[in-house]
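A.B. asks: Every position in the sequence shown, counted from 1, becomes a number in the numbering used here once 2 is added.
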Amino acid sequence: MPSATHGSVGGERVSALALPNAMSVDVEDYFHVSGFSEVIDRDDWERLPRRVEANCDRILQLFDDYGVRATFFVLGWVAERHPGLVRRIVDGGHELASHGCAHMRVDRQTPRAFLSDAANSKKLLEDVSGAIVKGFRAPSFSIGKTNLWAFEIIAEAGYRYSSSINPIRHDHYGLPDAPRFPFYPTSDNRLVEIPITTAAIFGRRLPCGGGGFFRLMPYAAFARALQRVHRYDREPAIFYFHPWEIDAGQPRIKKAPWAKRARHYVNISRMESKLRRLLADFAWDRLDRIFGIE
Ligand SMILES: [Zn+2]
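1. With 16 as the cutoff for other CB atoms within 10 Å, does residue 264 come out buried or exposed?
2. By alpha-carbon positions, which one of 56, 91, 210, 76 ends up nearest to residue 240?
3. Restricting to runs no shorter than 3 residues, where is the beta strand (DSSP E) found entirely within the segment 94 to 140?
4. Taking DSSP as the reference, what is the three-state secondary structure of residue 268?
5. Specify the secondary structure class of residue 202 as computed by DSSP and reduced to three states.
6. With respect to the alpha helix (DSSP H) encompassing residue 26, which residues constitute its N-terminal and C-terminal limits?
7. Give the range of the alpha helix (DSSP H) segment to which residue 292 is assigned.
8. Name the residue from 260, 109, 141, 183 whose alpha carbon lies nearest to the alpha carbon of residue 123.
9. Suppose contacts are defined by Cβ-Cβ distances below 7 Å. Is residue 188 in contact with residue 138 by that definition?
10. Within a Cβ cutoff of 7 Å, which residues of the same chain sit near residue 212, ignoring the five residues on either side of it in sequence?
11. Using 8 Å for Cβ pairs, my map puts residue 295 next to residue 24. What's the rounded Cβ distance?
12. Secondary structure at residue 17, three-state DSSP: helix, strand or coil?
13. What residue does the alpha helix (DSSP H) around residue 80 start on, and which one ends it?
14. Nearest-angstrom Cα distance between residue 287 and residue 115?
15. Any chance you could list the beta strand (DSSP E) runs of at least 3 consecutive residues sitting entirely within the segment 195 to 244, in chain order?
16. Residues in the same chain with beta-carbon distance under 7 Å from residue 156, minus the five sequence neighbours each way, listed in chain order, please.
17. Have a look at 130, 96, 86, 150 and flag the residue whose alpha-carbon is nearest the alpha-carbon of residue 110.
18. Consider the C-beta atom of residue 30 and the heavy atoms of ligand 1; say whether any pair is separated by less than 6 Å.
19. Could you check what DSSP says for residue 161 in three-state terms: helix, strand or coil?
20. Does the structure place the segment 31 to 46 close enough to the segment 81 to 97 that three or more beta carbon pairs sit under 8 Å?
21. Exposed or buried, residue 169, counting other C-beta atoms within 10 Å across all chains shown (16 or more means buried)?
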């Protein structure tokens with residue numbers, strides 16, 4: 003197994019990156035993504051070929067290859083159709099968490115509808131797996147300054163933590179003024195928000211928590227940004243990706259606008275080898291263990 007504490011980044015020797023980072027997967031299929039929501043009707047989801055289970059099994063194998071345990075934020079929609087996958091995630095020693103019921107953006111829901119989304123997805127995942135679900139990640143990081151009420155609801159639904167803020171500027175999401183590291187977003191401190199990682203460079207925030215940015219950036223530049231978080235901030239990083247990001251064979255959504263397709267498909271064929279380097283060069287673990295959430 004490759005060492006998790008020593009590796010080579012861009013030709014330089016990386017010294018003792020012993021600080022473990024949090025690895026996470028948002029378990030959804032290629033047709034659930036917000037970028038395609040205008041061209042794929044929810045009513046059509048049931049008819050589209052599903053790829054999520056096979057892709058997740060590849061990810062479980064990948065994590066096994068490097069001895070990595072991670073947090074899987076699973077959509078209720080996926081858990082209902084693939085209960086065996088949910089159980090394999092838990093049996094593999096990974097943390098099971100919620101990505102909501104059906105990938106509905108939080109900022110498009112009323113507080114009442116969001117409470118039932120958050121509570122129902124938690125109950126469904128727990129019923130399927132027998133595990134306690136402590137974490138929630140909002141679809142498309144859709145908690146921003148217009149719907150900060152959502153944190154009270156996540157706590158009310160029984161979660162211990164949220165990882166729903168991407169503290170950057172982005173056209174679909176982001177809360178650029180949010181803290182870069184874990185904070186208590188509710189008045190009674192009963193919930194912790196664990197934001198996706200950014201590196202602070204020359205007073206600006208550079209996304210370095212995964213997703214499309216990871217596929218777009220050269221590996222060495224990404225790894226250096228992560229090292230910067232360790233060296234200057236002395237904080238673990240939170241990385242995320244999706245099962246469809248390692249699936250070069252997924253059906254192409256040709257009717258989607260060019261820019262959305264470009265963002266979705268960029269460098270997908272190189273994602274697995276890039277991920278392997280990331281898993282080898284840094285130490286990784288589940289969010290609940292990294293942040294001591296029992
Ligand atoms: Zn998602």
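Even glycine gets a Cβ: it sits at the ideal position worked out from N, Cα and C. Keep in mind that this is a model prediction, so the values were computed, not measured.
C.D. replies: Per the coordinate set shown:
1. Label assigned to residue 264: exposed.
2. Closest option to residue 240, Cα to Cα, is 210.
3. For the beta strand (DSSP E) assignment, the uninterrupted runs of no fewer than 3 residues enclosed by the segment 94 to 140 are, from N- to C-terminal side, 97 to 100.
4. Reduced to three states, the DSSP call for residue 268 is coil.
5. Here residue 202 carries a strand assignment [DSSP, helix/strand/coil].
6. First-last for residue 26: 23 to 29, but that is the beta strand (DSSP E), not the alpha helix (DSSP H).
7. 289 to 292 is the span of the alpha helix (DSSP H), which, as asked, contains residue 292.
8. Residue 123 has its Cα closest to that of 141, out of 260, 109, 141, 183.
9. Contact flag unset, no.
10. 241, 242, 243, listed in sequence order.
11. Contact flag wrong, Cβ pair sits at about 11 Å.
12. Its pLDDT being 43, under 50, residue 17 is placed unreliably by the model, and the measurement read from it follows with that caveat. The DSSP-derived three-state label of residue 17 is coil.
13. Secondary structure note for residue 80: its alpha helix (DSSP H) is the uninterrupted segment 78 to 83.
14. Each residue's Cα considered, the two are about 32 Å apart.
15. Whole beta strand (DSSP E) segments, 3+ residues: 200 to 203, 206 to 209, 240 to 243.
16. Cβ within range, chain order: 120, 138, 164, 193.
17. Closest option to residue 110, Cα to Cα, is 150.
18. Distance from the C-beta of residue 30 to the nearest heavy atom of ligand 1 is below 6 Å.
19. Looking at residue 161 - three-state DSSP - the assignment turns out to be coil, as it is neither helix nor strand.
20. They do not touch, by the three-pair rule.
21. Residue 169 sits buried, since 16 or more C-beta atoms from the chains shown fall within 10 Å of its C-beta.
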